[in-house]
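Q:
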Amino acid sequence: MAPKHKDGDVVAVIPGQYISWLHTVVAYAAFLGALIVGIALHYEKIVQNEHFGYPIEWFPSVSATIGDRYPERSVFQVFIAITSGPRFLLVLLWYVLTARPNQTLPKFILGVGIFRTFTCGGWTYVTSTDDHDWHDIFMISYLVATLPWTLGCIALSPNNPKAIYYRKVFGGAFFATLVPLVYFFIQHKVHKVPGAYTIYAFFEWSLVLLDVAFDAVTALDFNSLELVVKDIKGTSKGNNQRVADKLAETEKDKPVGQIFATTYSKGDMLDALADVYLGFTFWSVLTGLGLLIWYFPLWHMGISGYEAFVMAPISPFLLGISSLRRTIVHNIRIVHFLSLSGLVAFLIPTPEYRLFAVGFSIFMSALAWSATWWSERAQPARLEARISAFTLGLLTSSVAKYACQTNNPIWPAVHAENGGWNYTGLILAVVAILRVTRKPLDPRGDVPGYKAVTGSSFPAALGFSGLLFGMHSLLSDSSTMISWVWEGFPIRGPIAVPHGNYTFLAMGFGLLIGIYYPVFARSWTFYGIGALGAAFLTAFSHWSGFYGGLALATYLMAAAPVLIGNAARYPPGRTFFTGFMFYNILVLAHVWVVAYAFVPGGPLMREHTDWVMTAMMIFIGCGIFSATASETKRSKPAPANPYARKQRSHYIYILIGLQLLGASISYLRFPTYDYTPYHAPEKSVTAGIWTTHFGLDNPMWTSERRIGALVKEMELDVLGLLESDTQRIIMGNRDSTQYLAEELGMYVDYGPGPNKHTWGCALLSKFPIVNSTHHLLPSPVGELAPAIHATLDAYGEMIDVFVFHSGQEEDPEDRRLQSEYLADLMGSTSRPSILLSYLVTKTGQGNYNTYVSERSGMRDIDPSDDWDRWCEYILYKGLRRSGYARVSRGTITDTELQVGKFVVGQPEGGNEQIPEDQVPEGLRFPAMFRGEGVRGHRYHVFDEPRYYA
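Written out as structure tokens, the structure is:
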């Protein structure tokens, strides 16, 4: 007979570990049951993927197994439904076991556990066939919640060494498995490697087994718990004593314990969020400033005078005047509000005035942040929080650009029509300022244990300048360093998505080092690692160069608390003024290495990115020397702050949230690689060339959305872009081709990278790019001329496409040498070929006769004496030319879009023009651009397309 208790008869007693075992058994039955049934009934169908089938692929993935086929889908759904009961009980028992007074983490983990259970049901019962978007949302949410669930359970683990050991093993194995999982998925999806999907499937199944096994470990902890079912109206007596808490917290002195084992405060969390958001607005406006400045020399084709706004950040010189310094410090809220002019600037249509507003914003922002750091110099915990907010603001800006395909949604060059969230950003900034500035700054240096430093502030200022430049030039966009190491197809290194997320991971890891291990962060050993990373990034391509970039990213973020904290201990006027001044010098040098033809003394910096990187690391080294010397001179360490650990934890929560957000974006943006041309039945290739003026339109807005709309409406299968390298500070560190490739469904090769010192070219294609090589053509005097030579698989036939930008009119010898180089390059292939180019020559004259010659084997798509043709040309060989059109640019850029239609597998044909009614429907140009056209785009010069027999 069951025992009795004083408040009711005990009907049943269920040992706690039974809940864990039931959950484990039923969950495994769901997956393995579906696998067994699927293999038995539909083996060859579930191992088939979009590239290969049995016997090349011989083991099914989880998604293929539990997907849409009956009855395996039903087997999975039935057992998963049964799993939900034990799952909710498991989450509840874990909360009961770990809950402590005044601790928020157990409640948070309870919420995460319930959230994961519901999202599991979401992707289980809403398949990708039912609703692909919602299936992905549920799946991503489940995977994202796995990280805090795993870390939280480890942090809350009772003092059970065996359980802790298995949690670490299963949790570590789970996250370690993600690395090969992503690798083999890319091998399958991008490289189309036979058998890669089978290997990927094994890792995917391993994740499932490890995920369930991690929760199965609770059986070792639940053996001290029982579920008691009682008859509360009975008369029997019994013992209603709760399970005694016999378990102590572990690992509380380690960094992970310091993060989680603290009291959570909503107010402090809001303060941290507001602080980070102010950092985000600073980086958003700073990265947008260069973009606006760049607009003016573009249109002036040289120095315009507006470049002076690059000096806007030198405002901290005002802090050198004691009366002004006091006024600024005591009115920091007003200074922050004045800096919002950069967020309001999108309302200003006139480019010059918009630049004035953004320049003033940076002037005030640099002043506010410098005053804040200096004022907090005697409060280590508060100073660390401000620096954390500044660095996390950079990470937030980079993640926001990652989500918006490299455009910052609150930039002054974006608005609602091209993807801006400006009003939202402005409102949040106002709220953040009001929140952060509730507590006044305290500039006094009389805190016990604080001692002002002596000596020169110059090395500290140099350290700050090198750090700021490194963060801005390399880390303000996750794809910048990837573009440095990209060398074309086949893919042999990182790609923007998903590997941009690796940059976020490196940045987050670096910040943790800087916060928790400051001695190592300012060590010369770590500096050497950072310098080696810079060298690898500069000198090597593919993964070797990117690994160097990741090491440098880690070092820069780790050095930020050291270098900024050290600079804050010196007089702010001269220190931060000097720091921002030398930062500006590095910015100019960073531009002059490619813009040497347009600036005074430019040839001295020609193609010397290595000099700029060396100067950056030397400046940082000066800062490390200063910080090391200052630390040695300190009389005693600063006293421990009881609130420091609690405050720090909130910034780490934000860091974790940003990392999870970055991972989610990677999943959502991963390329599908299922692209199809517009008119496949006719074997048509519609190719275009367009000089996009660095993605800035005439009214100074980013133009990729407008470009994409015209390209889609013109039904282009292949597109060459010129003046497309925007991965520099002065161009916003962005990549317009990411938006175009994803929205139009095209493969992309973005040509010689920013470390190759060109204005860039890019190739987008509906057809797979089998191979591509990048070329820098002879340019002894003028700018380097970039070119891409790519081989496309068009309807099963290999065709070559060349994208080329010739040198300027002022350098005739350069253009002659370039024409000979490109003619030989085009003549070296016997495959059908298309040249999409900017040649700077008149039809039938000069270098034209080198490009169009027996030497190259190329023909002009329009050999007529066209008076309006000077720059853009389309040449071809080995294909039948069926049509040619010139489409006006509207206000997007300063050149038109030229388009040619070709038919694969047919001879070239002659120059006889035919009327449109003799042309098959699939080979005609869209009628919407006839007459007045749409949005300023119309067929011009000829007023209609030309068609050829």
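Numbering (full-length UniProt numbering), first residue to last: 1 to 949. Glycine included, every Cβ here is placed at the ideal spot set by N, Cα and C.
Just the C-alpha distance for residue 950 and Phe625, rounded to the nearest angstrom, thanks.
A: Residue 950 is absent from the model: the chain starts at 1 and stops at 949.
Q: Considering Cα atoms alone, identify which of Thr773, Ala885, Cys871 is closest to Ile861.
A: Ala885
Q: Applying the 10 Å Cβ sphere with the 16-neighbour rule, what's the burial state of Gly936?
A: The residue is exposed, with fewer than 16 neighbouring Cβ atoms inside 10 Å.
Q: Using the Cα positions of Asp610 and Gly302, report the straight-line distance between them to the nearest angstrom.
A: 24 Å
Q: Around the C-beta of Ile321, are 16 or more other C-beta atoms found within 10 angstroms, so that it is buried, or is it exposed?
A: Result: exposed.
Q: Can you round the beta-carbon distance between Tyr200 and His188 to whole angstroms, since I take them to be within the 8 Å contact cut?
A: 6 Å
Q: Given this structure, state the Cα-to-Cα distance separating Val748 from Leu740, to the nearest angstrom.
A: 9 Å
Q: What does the alpha-carbon distance come out to for the pair Gly827 and Phe509?
A: 50 Å
Q: Please classify Ser864: is it buried, with 16 or more other beta-carbons within 10 angstroms of its beta-carbon, or exposed?
A: Label assigned to Ser864: exposed.
Q: Taking the alpha-carbon positions, what's the Phe59 to Val47 distance?
A: 6 Å
Q: Can you grab the Cα-Cα spacing for the pair Phe694 / Trp411, in whole Å?
A: 16 Å
Q: Rounding to the nearest angstrom, what Cα-Cα distance links Ser479 and Pro494 in this structure?
A: Pro494 has its alpha-carbon roughly 9 Å from the corresponding atom of Ser479.
Q: Can you tell me the Cα-Cα spacing of Ile730 and Val78, whole angstroms?
A: 57 Å
Q: Can you tell me whether DSSP reads Met301 as helix, strand or coil?
A: coil
Q: Between Leu552 and Ala534, how many whole angstroms is the CB-CB distance? I'm expecting something under 8 Å.
A: By a beta-carbon distance limit of 8 Å, Leu552 contacts Ala534. Their separation comes to about 5 Å.
Q: Do you know whose CA, among Ile799, Ala155, Ser882, Pro571, lies nearest Thr98's CA?
A: Ala155
Q: In the region 352-416, which residue ranges form an unbroken beta strand (DSSP E) of at least 3 residues, counting only runs that do not cross its ends?
A: none
Q: Could you give the distance in angstroms between the alpha-carbon of residue 957 and the alpha-carbon of Tyr306?
A: Since the first residue of the chain shown is 1 and the last is 949, residue 957 is not available in this structure.
Q: Please list the terminal residues of the continuous alpha helix (DSSP H) segment that includes Cys761.
A: Element bounds for Cys761: not the alpha helix (DSSP H) but the beta strand (DSSP E), 761-765.
Q: Does the beta-carbon of Phe520 have 16 or more other beta-carbons within 10 angstroms, so that it is buried, or is it exposed?
A: exposed
Q: Determine the burial state of Leu143: buried for a count of at least 16 other Cβ atoms within 10 Å of its Cβ, exposed for fewer.
A: Leu143 is buried by the Cβ-count criterion.
Q: Would you mind reading off the limits of the beta strand (DSSP E) that contains Tyr795?
A: Run containing Tyr795: none; DSSP gives neither H nor E here.
Q: Hey, would you say Val803 sits closer than 9 Å to Gly751, going by beta carbons?
A: yes
Q: Since Thr406 and Asp477 should fall inside the 8 Å C-beta cutoff, what is the C-beta to C-beta distance between them, to a whole number of angstroms?
A: 6 Å
Q: Report, in whole angstroms, the separation of the C-beta atoms of Phe469 and Met616, which I expect to be a contact under 8 Å.
A: With a Cβ gap of about 6 Å, Phe469 and Met616 count as contacting.
Q: Taking the beta strand (DSSP E) that Phe902 falls in, what are its first and last residues?
A: 897-903
Q: Between the C-alpha atoms of Asn159 and Phe317, what's the straight-line distance to the nearest angstrom?
A: 56 Å
Q: Looking at the structure shown, is Phe540 part of a helix, part of a strand, or coil, going by DSSP?
A: Under the three-state reduction of DSSP output, Phe540 falls in the coil class, being neither helix nor strand.
Q: Taking the alpha carbon of residue 954 as the point to measure from, which residue in Leu90, Ile66, Arg69, His775 has its own alpha carbon closest?
A: Look at the range of the chain in this structure, 1 to 949, and you will see that residue 954 is not part of it.
Q: Based on the DSSP output, what are the partners of Gln913 in its beta bridges?
A: Tyr948
Q: Going by DSSP, what residue range makes up the alpha helix (DSSP H) through Asn584?
A: 572-592
Q: Consult DSSP for Tyr675 and reduce its assignment to one of helix, strand or coil.
A: coil
Q: List the residues that DSSP assigns as beta-bridge partners of Thr787.
A: For clarity, residue 787 is Ala in the given sequence; the question names Thr instead. In the DSSP output, where bridge partners are listed per residue, Ala787 has His775, Phe804.
Q: With Thr686 as the anchor, note down where its beta strand (DSSP E) starts and where it stops.
A: Residues 684-691.
Q: With distances taken between CB atoms, is the gap from Ser465 to Phe582 smaller than 9 Å?
A: yes
Q: Name the DSSP beta bridge partners of Tyr876, please?
A: Ile834, Arg859
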